[in-house]
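For reference, each letter of the sequence shown is one residue, going 1 to 63 in the UniProt record's numbering. Virtual Cβ for every residue (Gly too), placed ideally from N, Cα, C. What follows is a short report on a single structure.
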Amino acid sequence: MTLPPFEIPDITMFIGTPQPIWTYNSTQASNDYCKVDVMVNMSRNGIFFNRSYQYSAKEHASV
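Encoded structure:
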């Protein structure tokens, strides 16, 4: 049996969006409620983004 060739997804198509990328993990053993990444700049050498955490309905932090 021959499998079709595997296509490697282009991560820049996902992470390069100007829209915020929200992540929520209900099974993670952590105090983080959710986080959001906003891309600032992307080059061939790296990706710079701002990440913010939501700890509860009232607490949040940006790094």
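Proximity of residue i and residue j at Cβ, strictly below 9 Å
{"i": "Pro-18", "j": "Met-39", "result": "yes"}
{"i": "Asp-37", "j": "Ile-15", "result": "yes"}
{"i": "Ser-62", "j": "Tyr-55", "result": "no"}
Simplified DSSP state of residue i, which is helix, strand or coil
{"i": "Phe-48", "result": "strand"}
{"i": "Ile-11", "result": "helix"}
{"i": "Tyr-24", "result": "coil"}
{"i": "Tyr-53", "result": "strand"}
{"i": "Ser-62", "result": "strand"}
Terminal residues of the alpha helix (DSSP H) in which residue i lies
{"i": "Met-1", "result": "Premise fails: Met-1 is in no alpha helix (DSSP H) and is neither H nor E."}
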